[in-house]
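First the structure, in the form of structure tokens, and then the observations on it.
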Amino acid sequence: MTPRQHLTEVNQEEVSALGAAVMAHVAAGTHATAAEAAVAMSSPGTTSEPDPQTASVYAELADLQAELYPALHPIFEAQHAFAMRHPLS
């Protein structure tokens, strides 16, 4: 489990649209990388720091989350097989 690092919000309301625009600029050659485009096209907002008092709580939760996907994998496989046998269209 990686300890939480500082987190800086982006001052954009539509971050999904911003992400699409970033990728479009990379595809068009305006910027060489997504990181370069993101820096040029966004403005940083508030930065928050990890709360050491709650780190152990989040670490415990992260451990549970890490077990979730492997535990559900057989069910996901069964759902996929079902969907292949019974397509919606």
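Be aware that the sequence shown starts at 1, since it is given in full-length UniProt numbering, and climbs by one per residue.
Where a beta carbon is used, it is the ideal one built from N, C-alpha and C, also for glycine.
- Residues of the same chain with a CB within less than 6 Å of the CB of N11, apart from the 5 flanking positions on each side, are S43 and G45 in chain order.
- Counted as a single uninterrupted DSSP element, the stretch harbouring S48 is not any alpha helix (DSSP H) but the beta strand (DSSP E) occupying residues P44 to S48.
- The beta carbons of V15 and A37 sit about 14 Å from each other, so the pair does not count as a contact at 8 Å.
- Annotated as proximal: V26 and A34, with beta-carbon spacing under 8 Å.
- A residue is called buried once 16 or more other Cβ atoms fall within 10 Å of its Cβ, and H31 is buried on that count.
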